[in-house]
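Input: a single structure, listed below in structure tokens.
Number of protein chains: 2
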Amino acid sequence: MVDILIRNGIVLTQDRQGRVIQDGAVVIDQSRILDVGPTDQLVSKYQADIVLDASKQAVLPGFVNTHSHLWQSLMKGSADNEPLQDWVFNQLMPILYTSNQRLLKENFEGEYYASLLACIESIRFGTTTILTMDGLNPRICEAFQQIGIRGIHALQMADRWIPEEILQPIEKQVHDAKMIYRRWHNASDGRIKIMLGPCTPYICSKSYLEDIIELARQWNTPIQIHVAEAPYEVELIMKEQGRTPINYLESIGLLDLKTIAVHCIWLSDEEKNILKKYNVAVSHNPESNMKLGSGVMDLPWMLKQGVNVALATDGAASNDNLNMLGAIRAASLLHRVTHKDPTIINSHTLLRMATINGARALGLEKEIGSIERDKRADIILIDLSKPHTRPLGNVENMLVHCSLGSDVETVIIDGKIVMKDRTILTVNEEYVIKEAERIKCEYLEEAKEYKPKIRDSART
Amino acid sequence: MVDILIRNGIVLTQDRQGRVIQDGAVVIDQSRILDVGPTDQLVSKYQADIVLDASKQAVLPGFVNTHSHLWQSLMKGSADNEPLQDWVFNQLMPILYTSNQRLLKENFEGEYYASLLACIESIRFGTTTILTMDGLNPRICEAFQQIGIRGIHALQMADRWIPEEILQPIEKQVHDAKMIYRRWHNASDGRIKIMLGPCTPYICSKSYLEDIIELARQWNTPIQIHVAEAPYEVELIMKEQGRTPINYLESIGLLDLKTIAVHCIWLSDEEKNILKKYNVAVSHNPESNMKLGSGVMDLPWMLKQGVNVALATDGAASNDNLNMLGAIRAASLLHRVTHKDPTIINSHTLLRMATINGARALGLEKEIGSIERDKRADIILIDLSKPHTRPLGNVENMLVHCSLGSDVETVIIDGKIVMKDRTILTVNEEYVIKEAERIKCEYLEEAKEYKPKIRDSART
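Sequence order for the protein chains is D and X.
Per numbering that gives the first Met the number 0, the very first residue in the first sequence carries number 0; after that it's consecutive.
Per numbering that gives the first Met the number 0, the very first residue in the second sequence carries number 0; after that it's consecutive.
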């Protein structure tokens, strides 16, 4: 007797061969995939407690969202057509200030409910693994644990270019980071991970970056860092360090660690070659880059050179959603029009970017990212029976260009059914949303008088 | 006693002042809007047969989709990363051939069911007015009539660059066009309209274009035409006519008529100024332009100069959907990234492009496109209560960047509730889809042996 049998679906395995099984089945026992194959073969071989009929559904490995800031879910819809820095200073900073004030008082509920809300949206849109680069709030992982998502908290660190009243002392940051790591790394049978997230190369001083690198080496965990999202960053680093961002990161040894570089828009050819040399994974956030007018990452070069490019939504304040099908579709459209060439990217590759490439970026490719025997059972069922996906054409193409996030019907994470028929089974959705709404109101109220006072408080 | 009272919604009127009523109501009697205002005022003033509670919903004029090819709904998901012309010749032409063979045998059901399916998708995603540039099939308007959408059939005309075996003789085209015009123009109390759709400036000979202009003058209807979608078109027209496309259309008097120019990507500054001078409306199809790698229309110039830009999905074979919220979002993201400037466009303008600008493009601005007293009651209710739209930020911004087509809950067209709680009330959705699927299979089977033989069969 096995736990779950999914039958009669179109199984897009995302395995090495990119196998698609037209009438396929997946067998799950405990947290892992026990078997994958044609329905007729597996149905006669296994008896299951739960049988999920996936007729007219696509069965995929869950999406891996390689970059987000979950707390921003409180702020969705806040930025429209403001310049990036105005919006950061006028809208995000006040919220960060309030959040920081609360952290100092050991009131951790804000990011907890924001993260739960963000995870609800993520799961509803088919994400089974999410990485959030967020502050040192110990309850973010509690949200992962409770809702049942595979979650990675990349601990956001910074000691410069942040208003002093928001910045925590370095010693406290490192202390809190170690506490969170000890409590949460590999919690829930490995479903929860911790890594380090120095925000950008310029927002940490060189000595702090070196401390962070040393810590990541001790922990043997990857580092995630924003790189070259906007030209001003590149200029600043050139001015301060006399090197391009990637050159700088190479020089201090950061790239010797497993690195996930986010955005990677404004890179020189030399920098791109360094990315390749060090096997740096790139987290591509097309919707955020478009909405903020940041620019276009050179996807064709990356793919041609074999750089591992994964997809992400970025935070819900610059997108403004956590819908990976939206990110996939935006990537498809953006690169075709940028290069005025509809052959520059295909749906098959885009779906791999959102699944197995994401797993590889996070160092989890042996555990997740494809539907293969012995991998963790992170699986989503996407309905293809609605008017907008009929008549069915090429399934990969339709998932990328026709399907909506709301077509995700069922989500299984680590062998547990977390969403069934679009209802999350692990938390009370309405309660979480109401708490998140209450907290947003409180934050806005508490931040009303606050005006950020910017000062470079670098150590070096 | 009035027919319908919508209450407690956030009413985004799209009227001249762009009024948003936070707790608003709309009163509908027969096919028209009788009153709009705050809920508390209107509730005490009117008794209604049907009361729709729009709490936590946005109430908008229905979207106006100014360009599509409805029959392509059979082909959604067929094109992935093929060059445009390969796809046209290998995938679209065979279907057109079969369709033409059937038309010659007076078998009209293909486009009828394809159009019904496309209208189902359109309505489900909030479109209340759709223009389709489609062949001379008399049953397309029958589909509009039956499902209850506001429909415009722009009769597609061509006498060159189409394989001879697909092309109908000009005399037959004009005869059929007149038949369709007589039967359908202003049918269903004006809900259905006919206009002329010479496909592109180069796909009609000059003399045929002149005939079409004369016919449109007699009918007093607008003309819709694709213009400057790709550089090769511009080159071809330059070579044949010694003028740029818009110059050419001006020279033959086409722009003296009310004109809707579709795409308008590869225009010179001179051409853009001519568009402005003649008050030509531009139908902008961002997702199609992106997917096909066509290029980027100069939206900031158009908006700055006061050119009326409306939005559209294009056909479902090059998008691959009929989701206007997708088109709105794509336009937002595309122009911000193209100009590397997040302030280049805002959500308020984007929603107007999808509603009142569309109405104006089609010459229907006195009848539809905004929620105002005496206008036709074409109204949609979009749910804002789901996790991905909470907590609520700026509503316009959230509709553009967070909402999905599937959030459209209720659709009223010409005062009739056509969709309620995501169920279409006027046709049997499953029956229509099954018929469309059957027909797609038949088309593919019948077209199996067909290889298009291209020849320029121009008269001039």
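From the three backbone atoms N, C-alpha and C, an ideal C-beta is built for every residue, glycine too.
Bear in mind that the values here come from a model prediction, so they are computed numbers and not experimental data.
Query, Result
"What do you reckon, are the CB atoms on X:Leu73 and D:His387 nearer than 9 Å?", "no"
"Give the secondary structure of D:Phe124 by DSSP, where H, G and I count as helix, E and B as strand, and everything else as coil.", "coil"
"Ignore the nearest five residues each way along the sequence and tell me which others in D:Trp183's own chain have a CB closer than 6 Å to its CB.", "Cys140, Ile191 and Ile193"
"Report the option in D:Leu51, D:Ala157, D:Lys238 and D:Leu398 whose CA atom is closest to the CA atom of D:Thr199.", "D:Ala157"
"Listing by chain order, which chain D residues have their CB less than 8 Å from the CB of X:Met323?", "Near X:Met323 there are no residues of chain D at all, since even the closest Cβ is about 12 Å away, more than 8 Å."
"Does DSSP put D:His400 in a helix, a strand or coil?", "helix"
"Below 8 Å on the Cβ atoms is my guess for X:Thr131 versus X:Ala309; work out the distance and round it to an integer in Å.", "Wrong, their Cβ atoms sit about 15 Å apart, outside the cutoff."
"Going by alpha carbons, who is nearest to D:Gln172 out of D:Trp160, D:Glu164, D:Asp188 and D:Gln155?", "D:Gln155"
"On a Cα-Cα basis, can you pick out the residue from D:Asp268, D:Glu163, D:Glu364 and D:Gly368 that is closest to D:Thr126?", "D:Gly368"
"Got a sec, what are the start and stop residues for the beta strand (DSSP E) X:Phe62 sits in?", "Phe62 to Asn64"
"Could you tell me whether the Cβ of D:Ala326 comes closer than 9 Å to any Cβ of chain X?", "no"
"Does any residue of chain D have a CB that is nearer than 9 Å to the CB of X:Asn89?", "no"
"Could you spell out the range, first to last residue, of the beta strand (DSSP E) harbouring D:Lys419?", "Lys415 to Lys419"
"Assuming X:Pro137 contacts X:Met178 under a Cβ cut-off of 8 Å, what Cβ separation, rounded to an integer in Å, is found between them?", "7 Å"
"Please identify the residue among D:His283, D:Tyr201, D:Arg18 and D:Ala330 whose C-alpha is closest to the C-alpha of D:Asn246.", "D:Tyr201"
"Below 8 Å, can you find three or more Cβ-Cβ pairs linking the stretch 338-348 of chain X to the stretch 291-307 of chain X?", "yes"
"Any beta carbon from chain B within less than 9 Å of D:Pro341's own beta carbon?", "Looking for chain B here will not work: the only protein chains present are D and X."
"Could you check the C-alpha separation between D:Tyr207 and D:Leu361 for me, to the nearest Å?", "23 Å"
"Between which two residues does the beta strand (DSSP E) carrying D:Gly36 extend?", "Arg31 to Pro37"
"Roughly how many angstroms lie between the CA atoms of D:Lys275 and D:Arg372, to the nearest whole one?", "30 Å"
"Can you pull out the residues from the stretch 285-311 of chain X whose beta carbon lies closer than 7 Å to at least one beta carbon of chain D?", "Glu286, Asn288, Met289, Lys290, Leu291, Gly292, Gly294 and Val295"
"Would you mind working out which of X:Gln56, X:Ile94, X:Gln84 and X:Glu209 sits nearest X:Pro462, comparing C-alpha positions?", "Since the first residue shown for chain X is 0 and the last is 459, residue 462 of chain X is missing from the structure and cannot be characterised."
"Whole angstroms is fine: what's the gap from D:Lys365's alpha carbon to D:Glu163's?", "42 Å"
"Could you tell me the alpha carbon to alpha carbon distance between D:Asn278 and D:Lys104, rounded to whole angstroms?", "41 Å"
"Are the stretch 404-415 of chain D and the stretch 319-338 of chain X in contact at 8 Å, needing three or more beta carbon pairs?", "no"
"Decide if D:His174 is buried, meaning its Cβ has at least 16 other Cβ atoms within 10 Å, or exposed.", "exposed"
"Kindly say whether X:Pro82, judged by its beta-carbon, lies nearer than 9 Å to any beta-carbon of chain D.", "yes"
"For X:Ala435, go through chain D and note every residue whose CB falls closer than 8 Å to its CB, in chain order.", "Arg389 and Pro390"
"I'd like to know whether the C-beta of D:Met92 is nearer than 9 Å to at least one C-beta of chain X.", "no"
"If we count the other Cβ atoms within 10 Å of its Cβ and call it buried at 16 or more, is D:Gly252 buried or exposed?", "exposed"
"From the beta carbon of D:Ala446, is the nearest beta carbon of chain X less than 9 Å away?", "no"
"Three-state secondary structure (DSSP) at D:Asp255?", "helix"
"Name, in chain order, the residues that DSSP records as bridge partners for D:Leu154.", "D:Asp133 and D:Leu195"
"Could you work out which residue in X:Asp268, X:Asp297 and X:Cys263 is closest to X:Ser282 when comparing CA atoms only?", "X:Cys263"
"When you check each C-beta in the stretch 392-410 of chain D against every C-beta of chain X, which residues fall closer than 7 Å?", "Gly392, Asn393, Asn396, Met397, His400, Cys401, Leu403, Gly404 and Ser405"
"Classify D:Ser98 as helix, strand or coil using the three-state DSSP reduction.", "helix"
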